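Count along the sequence shown starting at 1, add 712, and that's the number in our numbering. Here a beta-carbon is modelled for each residue, glycine too, at the ideal position from N, C-alpha and C. This one's a predicted model, so the numbers in the text were calculated from it and none came from an experiment. What follows is one structure encoded as structure tokens, with my remarks underneath.
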Amino acid sequence: DEEGCDEALSISIAIKSSHNIIITMKFTAIATALLVGSASAFVANKSPSAASSTALQANIAVFGASGLTAQECIYQALKDGDSVIGLTRNPANVVVPKGSGGADADKPLVDDKLTVIGGDVTNAADVAKVFENDIDGVIVALGGKTSDVGDTMLTDGTNNIISAMKSKGIKRMAVVTSIGAGDSKDQAPFAFKILMMTVMKKIFNDKNNQEKAVEESGLEYCIVRPGGLTVDAPTGVINVIDGEAGSIPRADVAQFCLEAVKDADFPYINKAPCISSVGGTSWTKDRSAAARGQA
């Protein structure tokens, strides 16, 4: 599937509860006393008056629409009343996500405000089809094994998206990469760094080049670097981490991405925050099917 390194970056976490204090409120969540580094809590914007003029009825493009995080973006956007145009190589794989979907999880994701286009993001003509529609913001959640999609798919596809956005005058985008990409190498645990330099070297080369393309695009971007991804229900706890990041449900990542493209005053524009719902130092790569909702 086309998802932002989810297959490669599903991570489990073990922390000492005495080191973490989490306070949740109706629409805010603050986590403090992380084991390593520091964190600031991202507070979701639920006030229409404070959001952009398109906050309640935006037209959102989602690339990599069949991926697990992208499905969360689509599902939550539709629940907010937005219209969504998705591009994926596998339209039949666009289903209700496990995290937010509850009992409807894995059912076909169908909505009058959802259009899914079958195509390849590395094909500029396919990307252009998405922008035949009026688009307010773009979420890029590409991924897949390099053996299946090639060594430069993330960069090539993102460059196509950037070019199409510029041609249409669209400025706002959120791009899901991962912890360890770009200048966040030291925010990944040691064991994961070894993987980044060995079996995951190709995908991280592509991710680093993807991030560079976004940073040099001249657009209003947010590069989103999540910690260990899970298919758990949304927690509402989204922390921007300066030290090593812990795990985070894909549902919370999606909420962050949607805020990034819809909120005119989003605080992390032209930045690359690492985010997690839980902080800690003893999380390791989780290759289990359960981390992808398959068990």
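Counting C-beta neighbours from all protein chains within 10 Å, is the total for residue i 16 or more, i.e. buried, or is it exposed?
i	result
I906	exposed
Q783	buried
M877	buried
K810	buried
A745	Confidence in A745 is poor, its pLDDT being 28 and thus under 50, which makes the residue's placement too unreliable to answer from.
L721	Model confidence at L721 stands at a pLDDT of 38, short of 50, so the residue's coordinates are unreliable; what they give is reported in the following sentence. Its Cβ being crowded by 16 or more others within 10 Å, L721 is buried.
S812	buried
A773	buried
On the DSSP letters alone, give me the boundaries of the beta strand (DSSP E) that residue i sits inside.
i	result
V952	N951 to I953
Y933	E932 to P938
T781	Per DSSP, T781 belongs to no beta strand (DSSP E); it is in the alpha helix (DSSP H), L780 to K791.
A886	R884 to V888
F775	N771 to F775
V850	G849 to V852
S988	C986 to S988
Please report the Cβ distance between residue i and residue j, rounded to the nearest whole angstrom; I am assuming they are in contact, meaning their Cβ atoms lie under 8 angstroms.
i	j	result
A893	E932	The pair is not a contact, with the Cβ atoms about 20 angstroms apart (cut-off 8 angstroms).
G869	V833	3 angstroms
I891	A957	5 angstroms
P803	G776	So it is not a contact: roughly 12 angstroms between Cβ atoms.
Q899	G940	Q899 to G940, Cβ: 12 angstroms. No contact.
K1021	D863	Outside the shown range of the chain (713 to 1007) lies residue 1021, about which nothing can therefore be said.
T889	A925	With a Cβ gap of about 11 angstroms, T889 and A925 do not count as contacting.
Roughly how many angstroms lie between the CA atoms of residue i and residue j, to the nearest whole one?
i	j	result
T942	D838	30 angstroms
C785	R937	15 angstroms
P985	G779	21 angstroms
L918	E927	The sequence as given places Asp at residue 918; Leu does not occur at that position. Approximately 14 angstroms, taken between the alpha carbons.
N871	D895	20 angstroms
V828	L799	6 angstroms
D856	D792	Here the sequence assigns Gly to residue 856, which means Asp is not the residue at that position. Their backbone Cα atoms lie some 28 angstroms apart in a straight line.
M885	K983	12 angstroms
S989	D860	31 angstroms
I960	Q788	16 angstroms
F754	L826	28 angstroms
A770	D794	5 angstroms
Could you give the first and the last residue of the continuous alpha helix (DSSP H) run that contains residue i?
i	result
S875	M865 to K880
A963	R962 to K974
V839	A836 to V842
G1023	This structure does not reach residue 1023, given that the chain is present from 713 up to 1007, and the question cannot be answered.
Tell me, please, whether the segment 840-854 touches the segment 818-825 by the rule of three or more beta-carbon pairs shorter than 8 angstroms.
Not touching, per the Cβ criterion.
So does the segment 832-846 actually touch the segment 971-990, counting three or more Cβ pairs closer than 8 angstroms?
The answer is no - the segment 971-990 does not touch the segment 832-846, with fewer than three Cβ pairs under 8 angstroms.
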